[in-house]
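With the first letter of the sequence shown counted as 1, position 575 gets the number 583 in the working numbering; the numbers rise by one all the way through. Written below as C-alpha cells is the structure these notes are about.
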Amino acid sequence: MSVRRGQDDPPEADNDGIEQGKRLIRVADDKGLSLAQRIANHFYLLSWKTPIHGRKLRGKYPLKLLAVPDDAVPGDGRAGAAIRAGYFLFRGQKQPIGSIDFAKLSVSPAFADYLHSFRWLRDLGSSASREQGAPIAEAVMRKWLAAHAETPSEPAWRADNAGWRLLFWTAHAPLILSSSDLVYRSLVLNCIARTARHLDRIADKAPMGLPRLVAWCGILAAALLIPGGDARRLFGEAGLKRAIDSGFHPDGGIVSRSPLAQLEAVMLLSMLRAVYDVRREKPPLCLTDGLSRAVPALLGLTHGDGGLGSWQGAGAIDPQTVEAVVNASRVRTRPLRAARDWGYQRISAGSTVVQIDAAPPPVARLAEAGCASTGAIEISDGPLRLIVNCGGAGLEGAWIPRDLAQGLRTTAAHSTLVLNDSNSTALLPDGTLGKGVTEVELNRQEMDNGSRLDLSHDGYVRRLGYVHRRLLMVSGDGKEVRGEDMLTPAERRRKPGKQPVQLRFHLAPGVEPTLTADNQGAVLRIDLGSLWQFRTGAGVLSVEDSLWVDGDGRPHPGKQLVVTGEALPGGSSIGWLFKRMG
9 MSVRRGQDDP PEADNDGIEQ GKRLIRVADD KGLSLAQRIA NHFYLLSWKT PIHGRKLRGK
69 YPLKLLAVPD DAVPGDGRAG AAIRAGYFLF RGQKQPIGSI DFAKLSVSPA FADYLHSFRW
129 LRDLGSSASR EQGAPIAEAV MRKWLAAHAE TPSEPAWRAD NAGWRLLFWT AHAPLILSSS
189 DLVYRSLVLN CIARTARHLD RIADKAPMGL PRLVAWCGIL AAALLIPGGD ARRLFGEAGL
249 KRAIDSGFHP DGGIVSRSPL AQLEAVMLLS MLRAVYDVRR EKPPLCLTDG LSRAVPALLG
309 LTHGDGGLGS WQGAGAIDPQ TVEAVVNASR VRTRPLRAAR DWGYQRISAG STVVQIDAAP
369 PPVARLAEAG CASTGAIEIS DGPLRLIVNC GGAGLEGAWI PRDLAQGLRT TAAHSTLVLN
429 DSNSTALLPD GTLGKGVTEV ELNRQEMDNG SRLDLSHDGY VRRLGYVHRR LLMVSGDGKE
489 VRGEDMLTPA ERRRKPGKQP VQLRFHLAPG VEPTLTADNQ GAVLRIDLGS LWQFRTGAGV
549 LSVEDSLWVD GDGRPHPGKQ LVVTGEALPG GSSIGWLFKR MG
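As C-alpha cells, then:
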C-alpha cells in the first residue's frame with residue numbers, strides 16, 4: 009500500500025493537503041450542498057444581523073436554558089481541589105484566582121485555553137458540591153465577563169475556545185447560574201447567545217480537524233438548549249457533517265494524527281450527544297457514525313494497560329481517562345488493528361502489543377506539534393510498557409519548556425532509525441514541519457505463526473539518498489518481536505556516501521537494561537514484570553539517558569538502547585530481536 013500526504017503541497021495534492029481520489033467531500037465551506045441548503049444557510053446567517061433576531065431574544069424567545077446536559081467524563085480532582093484552595097493548576101503551573109486578570113493573562117497559551125474554555129468547571133464540579141463550587145465559579149465568571157463579554161478577541165473568542173465554552177457553560181450551568189442576581193444571570197445568558205452567533209459566522213473558518221469540530225458542536229449545543237433554535241439546528245447539523253467528513257479519515261482517525269486530539273474528539277461528540285439526549289431528540293446520523301468510527305481508532309492506540317501510546321505530541325494518557333471517555337461514548341467495539349488512512353498499525357499477540365507509525369507526519373497546518381516519527385514503534389507486555397517514544401511535545405507547561413518540546417518532536421525522540429543525526433521530516437525554525445516523508449509503502453501479512461509488517465519511507469531520499477525500510481515480525485505468542493532496519497540507495501539518485509546510523513529504542517520508566525559483555529545485547533528487567541532480552545546483529549550497542557512524558561506533561565527519566573552503525577553506498581541493514589525470557 010502507498011500512503012501519500014504532502015508536507016509542502018506537492019503537485020499531486022491539492023492545497024488542502026489531501027490526495028486526489030481520497031477526498032470524500034469538498035473542504036470548502038458549503039460546496040457540495042444543494043442550492044436549497046446554501047440558500048437556507050445564507051438567510052440563516054443574515055437573520056441574526058437584523059433587528060428581528062434581537063426581538064426574538066427579548067420577546068417570543070426569552071433567554072433561558074431549556075435543559076442541563078450530563079457531563080459523563082469526570083474532572084481532574086487535583087485541579088478541582090486547587091481551585092477550591094484559591095488557584096488554578098495546569099501542567100504544574102499555578103494562577104491565583106484572586107489576582108487573575110483575564111484581559112492580560114500571563115500564562116502559557118495552553119493554560120490560557122484551559123481558562124477561556126471553562127474546562128476547569130468540570131474539575132471544580134468533580135471536587136465540590138454545588139453549594140461549595142458555585143460562589144467560586146461565579147466569581148471567576150464575573151471577571152471573565154468583565155474582560156471579554158463585550159469585545160471579542162483572541163484567544164478568548166477563538167472558535168475552539170468559544171465552542172468548548174458553550175459546552176462547559178451549559179453542562180455545568182448550576183455552577184455559574186445559581187446566583188439570585190438577575191442582572192448577572194441575564195449577562196451570562198446573553199453571552200451564551202452571543203457566543204453562538206459568533207460561532208455561526210466563524211465555525212467554517214476554524215482550522216480543519218478538532219477546532220472546527222468544536223465550533224460546530226458549540227453551535228448545535230446552543231441550538232438545542234436556547235429557545236427558538238430550530239433554524240440554527242438545521243444549519244449546525246449540516247456544518248457538523250462537513251466538519252466530521254473533513255476532520256476524520258475514513259477509518260475514523262483525526263487528521264492531526266494526535267491520540268490526544270482523537271480522545272478530545274470522542275469526548276466532544278459524546279458531550280454533544282448528551283445534549284440531544286437531555287432534549288430527547290434523535291442525534292444526526294453523522295454524529296453517531298462519527299463516534300462509531302472514532303472509538304475503534306482511538307482504542308487501536310491503547311497498550312495493555314488501557315493507556316494511549318506517545319504519538320504526534322501526545323503524552324502517555326492514563327488508562328482511567330481513556331476508559332472514562334470511551335464509556336461516555338457508549339460505543340462498545342474492538343481496537344482497530346490497521347488504520348491505513350490515519351496511519352497507525354497495531355499488532356496484538358499473547359500479552360504483547362506493538363504499535364507502529366506507518367504514515368507521513370500530518371500536514372503542518374493541521375498539527376502544532378507534529379513529529380518526525382515515521383516508522384517508530386512502541387511495545388508493551390501486559391499492563392507494563394517496554395519500548396516507548398518520548399512523547400509530550402504538545403504538552404508545554406512548567407515541566408516541558410518550548411525548547412524541550414521541540415526536541416521531543418525529533419526522530420531521535422522516537423524508537424526508530426536515525427540517519428546522519430537528521431530528522432526523517434525536517435523541523436523548521438518556526439516550529440512547522442518541512443520537507444521529508446511524503447510516501448510510505450506498507451505491506452502487512454497475518455500468518456499462522458505470527459504477523460509480518462514491511463514498511464519503507466522516503467524521508468531521507470532527497471537529502472541523503474537512502475530509502476529506510478523497516479521489517480517487523482511478531483510471533484503468534486507475542487514472545488518475540490523481530491526486526492530489521494535496511495537502508496538502500498534510492499533509484500535515480502547519485503550513489504550516496506557513507507553516513508552514520510543510530511537505531512534507538514527508548515525504554516519505559518522502570519525498565520532496567522544491563523549490557524552483555526560483547527556489546528551486542530542487553531537484558532531488560534521490567535520492574536514487577538517479565539524479563540526480556542535484546543540482541544542486535546550489527547553495530548555496537550550502548551545505553552544512553554532518555555525521558556518519557558506522561559499524560560499530565562510531566563517528564564520521567566529513563567534509558568534508551570542505541571545501536572550505532574554505518575550506512576554504506578551499496579546499502580546496509582541492522583537486524584534486532586526482543587525476546588521474552590520469563
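Just so you know, even glycine gets a beta-carbon here, dropped at the ideal spot from N, CA and C.
Proximity winner among the options, relative to residue i (alpha-carbon distances)
{"i": "threonine 382", "options": "Val548, Val222, His465", "result": "His465"}
{"i": "glycine 171", "options": "Arg202, Val148, Ser188", "result": "Arg202"}
{"i": "alanine 120", "options": "Glu404, Leu299, Tyr192", "result": "Glu404"}
{"i": "valine 426", "options": "Lys249, Val570, Pro77", "result": "Val570"}
{"i": "glutamine 414", "options": "Tyr122, Gly321, Gly106", "result": "Gly321"}
{"i": "proline 370", "options": "His311, Cys379, Glu386, Ile364", "result": "Cys379"}
{"i": "valine 333", "options": "Leu416, Gly314, Val286, Lys151", "result": "Gly314"}
{"i": "leucine 316", "options": "Leu276, Thr341, Leu392", "result": "Leu392"}
{"i": "glycine 559", "options": "Ser107, Leu271, Asp493, Arg240", "result": "Leu271"}
{"i": "arginine 288", "options": "Leu233, Arg533, Asp526", "result": "Leu233"}
{"i": "alanine 167", "options": "His206, Arg477, Asp238", "result": "His206"}
{"i": "aspartate 429", "options": "Thr419, Pro437, Leu435", "result": "Thr419"}
{"i": "proline 215", "options": "Ala546, Leu461, Arg250", "result": "Arg250"}
{"i": "asparagine 527", "options": "Gly545, Arg209, Val519", "result": "Gly545"}
{"i": "leucine 549", "options": "Asp208, Trp584, Leu536, Ile534", "result": "Trp584"}
Whole-angstrom distance between residue j and residue i, CA atom to CA atom
{"i": "leucine 71", "j": "arginine 220", "result": "26 Å"}
{"i": "aspartate 326", "j": "proline 343", "result": "17 Å"}
{"i": "lysine 512", "j": "arginine 130", "result": "Here residue 512 turns out to be arginine, not lysine, going by the sequence shown. Going from the Cα of arginine 512 to the Cα of arginine 130 covers about 40 Å."}
{"i": "alanine 223", "j": "serine 538", "result": "46 Å"}
{"i": "serine 554", "j": "glycine 217", "result": "32 Å"}
{"i": "histidine 311", "j": "glutamate 386", "result": "9 Å"}
{"i": "alanine 36", "j": "serine 359", "result": "At alanine 36, the pLDDT of 37 sits below 50, so the modelled position is not reliable; the number obtained from the coordinates is stated separately. Alanine 36 and serine 359: Cα-Cα distance of roughly 45 Å."}
{"i": "serine 278", "j": "arginine 127", "result": "15 Å"}
{"i": "arginine 348", "j": "isoleucine 91", "result": "43 Å"}
{"i": "glutamate 331", "j": "proline 82", "result": "11 Å"}
{"i": "aspartate 84", "j": "valine 475", "result": "45 Å"}
{"i": "proline 235", "j": "arginine 150", "result": "24 Å"}
{"i": "tryptophan 556", "j": "serine 254", "result": "32 Å"}
{"i": "glutamine 510", "j": "threonine 341", "result": "39 Å"}
Counted within 10 angstroms of its Cβ, other Cβ atoms place residue i as buried (16 or more) or exposed
{"i": "alanine 93", "result": "exposed"}
{"i": "alanine 142", "result": "buried"}
{"i": "alanine 409", "result": "With the sequence shown as reference, residue 409 is identified as proline, and alanine is not the correct amino acid for it. Per the 10 Å Cβ criterion, exposed."}
{"i": "serine 318", "result": "buried"}
{"i": "serine 137", "result": "exposed"}
{"i": "methionine 455", "result": "exposed"}
{"i": "threonine 159", "result": "exposed"}
{"i": "glutamine 353", "result": "buried"}
{"i": "lysine 112", "result": "exposed"}
{"i": "leucine 132", "result": "buried"}
{"i": "methionine 589", "result": "exposed"}
{"i": "lysine 102", "result": "exposed"}
{"i": "isoleucine 291", "result": "For the record, residue 291 in the displayed sequence is proline; it is not isoleucine. Buried, because 16 or more other Cβ atoms sit within 10 Å of the Cβ of proline 291."}
{"i": "lysine 519", "result": "Looking at the sequence provided, one finds valine at residue 519 rather than lysine. So valine 519 counts as buried."}
{"i": "glycine 261", "result": "buried"}
CB of residue i within 8 Å of CB of residue j, strictly
{"i": "glutamine 355", "j": "valine 482", "result": "This sequence places isoleucine at residue 355; glutamine is not what is there. Result yes, Cβ atoms of isoleucine 355 and valine 482 sit closer than 8 Å."}
{"i": "valine 274", "j": "leucine 374", "result": "no"}
{"i": "proline 77", "j": "alanine 282", "result": "yes"}
{"i": "glutamate 591", "j": "serine 581", "result": "Residue 591 lies beyond the residue range present for the chain, which begins at 9 and ends at 590; the question has no answer from this structure."}
{"i": "proline 563", "j": "glycine 439", "result": "no"}
{"i": "leucine 195", "j": "alanine 164", "result": "no"}
{"i": "glycine 491", "j": "leucine 480", "result": "yes"}
{"i": "valine 489", "j": "leucine 523", "result": "no"}
{"i": "lysine 506", "j": "proline 497", "result": "no"}
{"i": "leucine 299", "j": "valine 339", "result": "yes"}
{"i": "leucine 595", "j": "proline 517", "result": "The displayed coordinates of the chain run from 9 to 590. Any statement about residue 595 would go beyond what the structure contains."}
{"i": "alanine 305", "j": "aspartate 259", "result": "yes"}
{"i": "arginine 452", "j": "alanine 367", "result": "no"}
{"i": "isoleucine 108", "j": "glutamate 146", "result": "no"}
{"i": "arginine 543", "j": "glycine 566", "result": "no"}
{"i": "alanine 181", "j": "aspartate 79", "result": "no"}
Near the ligand NAD: residue i beta-carbon under 7 Å from a heavy atom
{"i": "proline 369", "result": "The model depicted lacks the ligand NAD and carries no ligand whatsoever."}
8 Å contact criterion, which residue i and residue j should meet: CB distance rounded
{"i": "alanine 302", "j": "phenylalanine 256", "result": "6 Å"}
{"i": "alanine 229", "j": "leucine 280", "result": "6 Å"}
{"i": "leucine 608", "j": "leucine 463", "result": "Outside the shown range of the chain (9 to 590) lies residue 608, about which nothing can therefore be said."}
{"i": "serine 459", "j": "alanine 357", "result": "7 Å"}
{"i": "leucine 515", "j": "isoleucine 395", "result": "7 Å"}
{"i": "phenylalanine 176", "j": "serine 116", "result": "Not really, about 20 Å apart at Cβ, beyond 8 Å."}
{"i": "aspartate 525", "j": "arginine 99", "result": "The displayed chain sequence assigns alanine, not aspartate, to residue 525. Contact flag wrong, Cβ pair sits at about 43 Å."}
{"i": "glycine 402", "j": "arginine 265", "result": "11 Å between Cβ atoms; not a contact."}
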